[in-house]
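Novice: Everything in the sequence shown is counted per this note's numbering, starting at 19 for the first residue and increasing by one. Just passing along the structure, written as structure tokens.
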Amino acid sequence: MTDTLDTRTAPLGESLTNPALFRQQAFVAGAWVDADGRATLDVTDPASGARVGTVPACGTAETRRAIAAAEEAQAQWRRQTPQQRSAVIEEWHRLIMANQADLARIMTAEQGKPLPEAAGEIAYAASFVKWFAAEGLRIHGHEVGSPFADRRILVRKEPIGVTAAITPWNFPAAMITRKAAPALVAGCAMIVKPSELTPFTALALAALAEEAGLPKGVLSVVTGLPAEIGAELTSSPVVRMLTFTGSTRVGALLMEQCGGTVKKMGLELGGNAPFLVFDDADVDLAVEGAMASKFRNAGQTCVCTNRFYVQAGIHNRFVEKLGAAVRALKVGAGTEEGVNIGPLINQAACDKVEAHVNDALAKGAQIAAQCAAPDGYAAPIVLAGVTEDMRVCHEETFGPLAPVIRFTDEAEAIRAANDTPYGLAAYFYTRDMDRAWRVSEALEFGMVGLNTGAMAMEVAPFGGMKQSGLGREGASEGLEEFLEAKTFHWAGI
Ligand code: NAD
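Shown next, in the form of structure tokens:
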């Protein structure tokens, strides 16, 4: 129960200052429960393969109960004043930050990212809670100028109703708070189905929401069988919106399933981010941005750079400096001191990186730099001589692989950057202001970064174009997603 216990050997609960945060039950309708049939799913530590714990393998029946409780709770929750709702969410924020170290340990145990990075994600996740607690006070409608003298037209913003969230394993905390905080302040109830690979962070967040005073049933976390829980959430007429973060494949499937009940959807899907470096760029700044964008979470982020396009005049200097930075990384378990690249989530993830490397090498690319890595870990690699016919240019690698493609002119680079069904994030480096504007406009991505490799923050809308998704999270746009405009026509006045 002290900070000195080693999470690699001690059971997770015992390594926490607040052991009550390690929950191995689902949170359904305001109660901590097992699955009806008592079946469980194992959760493993990606660094060691050891079992971290088990969670209930919930399915249809438990999901149905969560939905029924959400419907009942929401009727009351939406009637609370914005100030009352915000006060609960603010307290949730306070508790998350007060338990930051424990939440980070839970996350590292199930997800693998280095402890400091996990603590960073908790702060990032909490930033949404804080920001939306304040933004929830600013929900207001307006009056429309009426074309008839005897008529008044008012537009009121109302909560959309019961909502559901399905979230991925790569950001086990932030992908939940970015959805739940705006939904809750808007007056919606939410049922969260976290990834089966990282449910403990979600359950710990739910425990803190309960402690913050969130009424029973307003938030449920249903762990278990994805397809079964998903089928119930998508087919229920009570659930009015589904917000999903994950792969484009599953997003498209859920979209089909939501068709029957015409649900609103928020979709944050896959990416294939290009990173363009022009001859006039500050090469050190570009390498710093490249490292931040490519290697955060071992390359397992939807906005992480998937392919680097570097202009001929700066190409060799960029590759050399990027290679030096990559060789200086330390790969290992997330609990080890000084590690900045943890394990990938599972063997399939490692296999995909290897397949992309082998495909590129077979088609003529070369390894320009490689970082040492223990057995079972994906080694960070810089590939040079990459060409458009290689898989790395068209598929999300989701690992620590940096392929570099040399280009000569701007139009060629933009064409290649846009040649993807994805449109989430793009980055470019230049000091030419004409080019800055031109390229910002030409890139078909929901988020474009100039001279920066990091863009995700609570104050700015986050989301993708094309097959990277629908809707936006964060910022006032993220709150709007959970509100509906209701028009009052009052005639005979
Ligand atoms: P995934 O699509 O495999 O899983 C995401 C979630 O969907 C998990 O909770 C999973 O259990 C659930 N799921 C899977 N099959 C389901 C089904 N049939 N019915 C209902 N739910 C189902 O994705 P992942 O591997 O967890 O995450 C990686 C992907 O997420 C990457 O493509 C990444 O780019 C994307 N991502 C996008 C964003 C964004 O904001 N755009 C953020 C993070 C991750």
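The beta carbon of each residue, even a glycine, is placed where N, CA and C say it ideally should be. Everything numeric in this text was worked out from a predicted model, so none of it was measured.
What whole-angstrom Cβ distance do residue 286 and residue 487 have, given they're in contact under 8 Å?
Specialist: Going by Cβ atoms, the distance from residue 286 to residue 487 rounds to 5 Å, so yes, they are a contact pair.
Novice: According to DSSP, is residue 19 helix, strand or coil?
Specialist: Low confidence applies to residue 19: its pLDDT is 34, below 50, so where it sits in the model is not reliable, and the reading given next is rough at best. In the structure shown, residue 19 sits in coil (DSSP, three-state: anything other than H, G, I, E or B).
Novice: Measure the Cβ-Cβ separation of residue 460 and residue 423 and say whether it is below 7 Å.
Specialist: The answer is no: Cβ separation not under 7 Å.
Novice: Pick helix, strand or coil for residue 511, following the three-state DSSP scheme.
Specialist: Coil.
Novice: Decide if residue 63 is buried, meaning its Cβ has at least 16 other Cβ atoms within 10 Å, or exposed.
Specialist: Buried is the call here.
Novice: What separation, rounded to the nearest whole angstrom, lies between the Cα atoms of residue 239 and residue 365?
Specialist: Their backbone Cα atoms lie some 27 Å apart in a straight line.
Novice: Considering only residues of the same chain and omitting the five flanking positions on each side of residue 472, which have a CB-CB separation below 6 Å?
Specialist: So the list reads 310, once near-sequence residues are dropped.
Novice: Can you tell which of 219, 447, 76, 491 has its C-alpha closest to the C-alpha of residue 53?
Specialist: Comparing Cα-Cα distances from residue 53 to each of 219, 447, 76, 491, the minimum goes to 76.
Novice: Whose CA, out of 400, 292, 335, 491, lies closest to the CA of residue 468?
Specialist: The shortest Cα separation from residue 468 among 400, 292, 335, 491 belongs to 292.
Novice: Run through DSSP, which three-state label would residue 329 get?
Specialist: Strand, per DSSP.
Novice: Using three-state DSSP, classify residue 76 as helix, strand or coil.
Specialist: In this structure, residue 76 counts as strand in the three-state DSSP scheme.
Novice: When you compare each of 258, 257, 252, 256 to residue 513 by their alpha carbons, which one comes out closest?
Specialist: Summary: the structure shown does not reach residue 513, with the chain confined to residues 19 through 511, and so no result is reported for it.
Novice: Tell me whether the beta-carbon of residue 388 lies closer than 7 Å to the beta-carbon of residue 399.
Specialist: Yes; because the gap between Cβ atoms is below 7 Å, this pair is in contact.
Novice: Determine whether the beta carbon atoms of residue 233 and residue 154 lie at a separation below 7 Å.
Specialist: No. Outside cutoff.
Novice: Whose C-alpha, out of 345, 321, 111, 447, is nearest the C-alpha of residue 415?
Specialist: The candidate whose alpha carbon is nearest that of residue 415 is 321.
Novice: Tell me which same chain residues have a C-beta within less than 6 Å of the C-beta of residue 290, skipping the five on either side of it?
Specialist: Contacts found: 324, 414, 438, 440.
Novice: Considering only residues of the same chain and omitting the five flanking positions on each side of residue 297, which have a CB-CB separation below 8 Å?
Specialist: Correct list, in chain order: 329, 330, 331, 332.
Novice: Compute every distance between the C-beta of residue 290 and the non-hydrogen atoms of the ligand NAD, then say whether any falls below 6 Å.
Specialist: Incorrect: residue 290 has no Cβ contact closer than 6 Å to the ligand NAD.
Novice: Report all residues from its chain with a CB closer than 7 Å to the CB of residue 507; omit the five preceding and five following residues, and keep chain order.
Specialist: For residue 507, where only same-chain residues beyond five positions count, the Cβ hits under 7 Å are 169, 171.
Novice: For residue 241, count the other beta carbons within 10 Å of its own beta carbon; 16 or more makes it buried, fewer makes it exposed. Which is it?
Specialist: Buried, by the Cβ-count rule.
Novice: If you count every other CB in all the chains shown that lies within 10 Å of the CB of residue 504, and 16 or more means buried, which is it?
Specialist: Per the 10 Å Cβ criterion, exposed.
Novice: Taking three-plus beta-carbon pairs below 8 Å as touching, is the stretch 344-358 in contact with the stretch 143-158?
Specialist: With the cut-off at 8 Å, the stretch 344-358 and the stretch 143-158 do not touch.
Novice: Could you compute how far the alpha carbon of residue 244 sits from the alpha carbon of residue 302?
Specialist: The straight-line gap from Cα to Cα measures roughly 44 Å.
Novice: Hey, how far is the Cα of residue 82 from the Cα of residue 470?
Specialist: The straight-line gap from Cα to Cα measures roughly 45 Å.
Novice: Around the C-beta of residue 259, are 16 or more other C-beta atoms found within 10 angstroms, so that it is buried, or is it exposed?
Specialist: Answer is buried; the Cβ neighbour count reaches 16.
Novice: DSSP on residue 395, reduced to helix/strand/coil?
Specialist: Residue state, collapsed to three classes: coil.
Novice: For residue 124, which residues of its own chain have a beta-carbon under 7 Å away from its beta-carbon, when the five flanking residues on both sides are left out?
Specialist: Excluding sequence neighbours, residue 124 sits near 30, 39, 40, 218, 219, 222.
Novice: Contact defined as beta carbons within less than 8 Å: I believe residue 118 pairs with residue 216. What is the distance between those atoms, to the nearest angstrom?
Specialist: Not a contact, Cβ separation roughly 17 Å.
Novice: Can you grab the Cα-Cα spacing for the pair residue 445 / residue 136, in whole Å?
Specialist: Looking at the two C-alpha atoms, the distance is approximately 24 Å.
Novice: Check whether the stretch 88-99 touches the stretch 312-321, taking contact to mean three or more Cβ pairs, one atom from each stretch, closer than 8 Å.
Specialist: No, they do not touch.
Novice: What number of angstroms, rounded off, separates the C-alpha of residue 176 from the C-alpha of residue 203?
Specialist: Approximately 11 Å between the Cα atoms of the pair.
Novice: How many Å lie between residue 382 and residue 376 at the Cα?
Specialist: Answer to the nearest angstrom: the Cα atoms are 10 Å apart.
Novice: Leaving aside the five residues before and after residue 481 along the sequence, list all residues of the same chain whose C-beta is less than 7 Å from its C-beta, in chain order.
Specialist: Here the set comprises 286, 464, 487, 489, 490, 491.
Novice: Would the C-beta of residue 286 count as close to the ligand NAD, meaning under 6 Å from any of its heavy atoms?
Specialist: Residue 286: yes, Cβ under 6 Å from the ligand NAD.
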